[in-house]
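Report on one structure; see the data block that follows.
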Amino acid sequence: MKKVQLVLCALGLLLLGACNDIRTTESIPLPEHPRPDFERTQWFNLNGHWAFTFDESLAAKALSANDCSVLDQSILVPFPWGSKLSEVEDKGDIGWYGREITVPESWKGKRVFLVIGASDWDTQVWLDGQEIGRHQGGYTPFECELKDVRFGGKQQILIKADDTSSDAHLYGKQGYGNARGIWQTVYLEARGENYIKSLHFTPDIDNSNVKVDVALAAPAAQGESIKLAFKTGDQDAFTAEIGGQDKASFTVPIKDQHLWDIDDPFLYEVTASLGEEDEVNTYFGQRKVSVMPFPGADYNYVALKNKPLYLQLCLDQSYHPEGFYTFPTDEFMKNEILLSKKVGLNGNRIHIKVEVPRKLYWADKLGLLIMADTPNFWGEPVPEAREDWE
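Numbering follows the working numbering, in which position 283 of the sequence shown is assigned residue number 779; successive positions increment by one, without gaps.
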């Protein structure tokens with residue numbers, strides 16, 4: 497596929513030992529937590545230089561010897577190989593990443609997970625030579641539990657990303673530059689024995705409440721509950737009994753609701769806790785996007801807060817010439833939203849890409865609507881590709 501030049505819609509290291517444990521935020525790209533909508537306090541950013549190779553024989557040696565130092569290159573995670581910011585040229589379809597990790601002693605008694613924001617396309621993960629997980633798909637986050645973790649001890653992580661071309665893959669805008677391998681933040685996270693798998697808020701501004709859907713890793717113990725503590729919005733804490741269930745839905749009343757608006761993007765910040773086992777920081781906007789007839793006319797408008805809104809959107813390519821799918825800094829993503837607002841837009845359409853969560857956070861935080869495409873195919877999709885798209 498030919499590379500094409502584009503103008504971004506909104507206007508647009510020092511080499512450390514690749515197997516060393518990189519911790520300071522000054523030495524790693526994108527040090528911020530990648531999920532403001534689902535953030536635990538105990539986490540550890542693994543962005544930075546990793547050992548890397550396209551050579552399968554070196555990867556096999558690294559696996560058998562449990563030593564990533566035998567890999568012959570270094571790559572800056574989370575930038576996809578082939579991009580300038582990754583520091584690795586696109587010279588292969590399969591890349592192998594390796595680094596040493598040390599899980600903090602303070603996490604003893606917790607379950608530990610490796611989380612990868614996105615990696616294209618078929619990704620396998622090993623811990624000390626033992627495979628612990630595999631994921632197929634290029635745009636969604638996935639995780640692997642480190643069941644044989646040694647708290648305070650050094651261990652080896654090896655990741656294989658196979659991006660061999662296939663009609664089963666969603667390619668999206670990779671014609672502008674292939675986003676190959678890992679392209680979103682990689683991190684470790686500590687959780688309780690049981691933990692919150694997902695948490696979703698559906699605001700109902702007409703009835704001054706919000707529906708909450710929660711899923712757990714396993715059924716909650718009898719008498720256990722989910723507690724929501726509001727950090728903004730002057731709301732009372734809410735507790736829902738969930739004993740014996742691994743999924744639950746409940747409705748939380750919102751007093752004197754503060755509606756989200758483009759010019760007043762107020763967010764309710766919430767800490768959700770499952771007893772003493774798990775705690776997640778998240779947020780939601782009390783808003784409603786709908787369709788309604790334009791007053792005095794027979795055609796429909798998109799409405800925000802039950803008021804017609806004249807949409808002024810641009811096509812946001814959401815692509816960086818040096819990082820491809822991955823933006824160089826959090827500040828850059830924030831400025832993409834600010835620039836859109838400064839030129840008078842009230843929304844962006846993300847073009848054939850699943851957007852980076854932190855950029856969506858800045859849209860929520862700063863007041864910009866987002867319309868999003870699903871990544872597409874270049875050619876007629878096979879059944880597996882249709883299933884992936886759906």
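All C-beta atoms in this analysis are idealised placements derived from N, C-alpha and C, irrespective of residue type, glycine included.
Please read all numbers here as calculations on a predicted model, not as lab measurements.
Suppose you measure from the CA of residue i to the CA of residue j; what does that come to, to the nearest Å?
i, j, result
"Ala-714", "Ala-733", "24 Å"
"Ile-848", "Ser-615", "16 Å"
"Lys-751", "Lys-723", "17 Å"
"Glu-851", "Ser-814", "8 Å"
"Ser-704", "Leu-610", "38 Å"
"Asp-517", "Trp-546", "For Asp-517, the pLDDT reaches just 37, beneath the cut-off of 50, and the residue's location in the model is therefore unreliable, leaving the point undetermined."
"Pro-789", "Tyr-797", "6 Å"
"Leu-567", "Ser-582", "16 Å"
"Gly-591", "Leu-841", "40 Å"
"Asp-759", "Pro-824", "28 Å"
"Val-708", "Arg-531", "18 Å"
"Ile-701", "Ala-736", "21 Å"
"Trp-622", "Lys-604", "21 Å"
"Glu-601", "Leu-642", "14 Å"
"Ala-799", "Pro-791", "12 Å"
"Asp-586", "Thr-549", "11 Å"
"Asn-895", "Tyr-593", "No answer is possible for residue 895: the residues shown for the chain start at 497 and end at 886."
"Phe-534", "Tyr-779", "8 Å"
"Gln-731", "Lys-801", "21 Å"
"Tyr-857", "Ser-836", "15 Å"
"Thr-698", "Lys-557", "50 Å"
"Glu-639", "Ile-628", "10 Å"
"Gln-741", "Glu-883", "30 Å"
"Ala-561", "Thr-747", "53 Å"
"Val-839", "Tyr-795", "28 Å"
Measuring alpha carbon to alpha carbon, tell me which residue in the options is nearest residue i.
i, options, result
"Trp-885", "Thr-870, Asn-690, Glu-876", "Thr-870"
"Lys-803", "Val-785, His-665, Gly-544", "Val-785"
"Glu-773", "Ala-744, Tyr-691, Val-708", "Tyr-691"
"Asn-831", "Lys-861, Ala-793, Tyr-821", "Lys-861"
"Lys-650", "Leu-841, Glu-596, Leu-807", "Glu-596"
"His-631", "Val-706, Trp-603, Thr-619, Asn-842", "Thr-619"
"Ala-868", "Pro-853, Glu-880, Gly-875, Pro-879", "Pro-853"
"Glu-818", "Ser-769, Lys-837, Val-787, Tyr-672", "Tyr-672"
"Tyr-683", "Asp-663, Trp-874, Pro-637", "Pro-637"
"Thr-822", "Asn-543, Asp-563, Asp-659, Leu-807", "Asn-543"
"His-696", "Thr-681, Ala-664, Ser-745, Asp-663", "Ser-745"
"Gly-668", "Phe-873, Glu-883, Arg-882", "Phe-873"
"Val-787", "Leu-809, Ile-524, Leu-805", "Leu-805"
"Gln-670", "His-816, Ser-523, Val-839", "His-816"
Between residue i and residue j, which are expected to be in contact by the criterion C-beta below 8 Å, what is the C-beta distance as a whole number of angstroms?
i, j, result
"Gly-634", "Leu-666", "6 Å"
"Leu-526", "Gly-625", "29 Å between Cβ atoms; not a contact."
"Arg-536", "Glu-765", "The pair is not a contact, with the Cβ atoms about 15 Å apart (cut-off 8 Å)."
"Gln-652", "Asp-563", "7 Å"
"Lys-656", "Ala-555", "7 Å"
Excluding five sequence neighbours on each side, which residues of the same chain lie with their C-beta closer than 8 Å to the C-beta of residue i?
i, result
"Phe-461", "Any answer about residue 461 is impossible in this case: the structure gives the chain only from 497 up to 886."
"Lys-606", "Gln-538, Ala-686, Arg-687, Gly-688"
"Ser-661", "Asp-589"
"Leu-807", "Val-798, Asn-842, Gly-843, Leu-865"
"Leu-809", "Leu-841, Asn-842, Gly-843, Asn-844, Arg-845, Leu-865, Met-867"
"Ile-524", "Ile-518, Asn-541, Asn-543, Gly-544"
Among residues of its own chain, excluding the 5 on either side of residue i, which ones have a beta-carbon nearer than 6 Å to its beta-carbon?
i, result
"Lys-855", "Met-829"
"Val-599", "Val-608, Val-645, Phe-647"
"Pro-877", "none"
"Pro-749", "Asn-705"
"Ala-711", "Lys-693, Ser-694, Lys-743"
"Ala-725", "Ala-733, Thr-767"
"Phe-820", "Pro-576, Ser-579, Gly-673, Ala-675"
"Gly-863", "Ile-758, Pro-761"
"Glu-880", "Ala-664"
"Asp-658", "Ile-590, Asp-618"
"Thr-681", "Leu-526, Pro-530, Asn-543, Pro-574, Gly-613"
"Ser-769", "Lys-723, Glu-775"
"Gly-771", "Glu-720"
"Thr-520", "Residue confidence is low: Thr-520 scores 43 on pLDDT, short of 50, so the model does not pin down where it sits. Its coordinate-derived value is still stated next. Once the five neighbours on either side are set aside, Thr-520 has no close Cβ partner at all."
Given residue i, which residues of its chain have a CB within under 7 Å of its CB, disregarding the five upstream and five downstream residues?
i, result
"Ala-859", "Ile-833, Ile-866"
"Gly-739", "Ala-716, Ala-717, Gln-718, Gly-719, Glu-720"
"Glu-528", "Asp-826, Arg-854"
"Gln-569", "Phe-548, Thr-549, Val-584"
"Glu-777", "The residue you asked about is not Glu; residue 777 is Asn in the sequence shown. Excluding residues within five positions, the ones whose Cβ falls inside 7 Å are Glu-535, Thr-767."
"Gly-875", "Asp-663"
Next on the checklist: Between the region 570 to 589 and the region 673 to 685, can you find at least three pairs of beta-carbon atoms closer than 8 Å?
Outcome noted: yes
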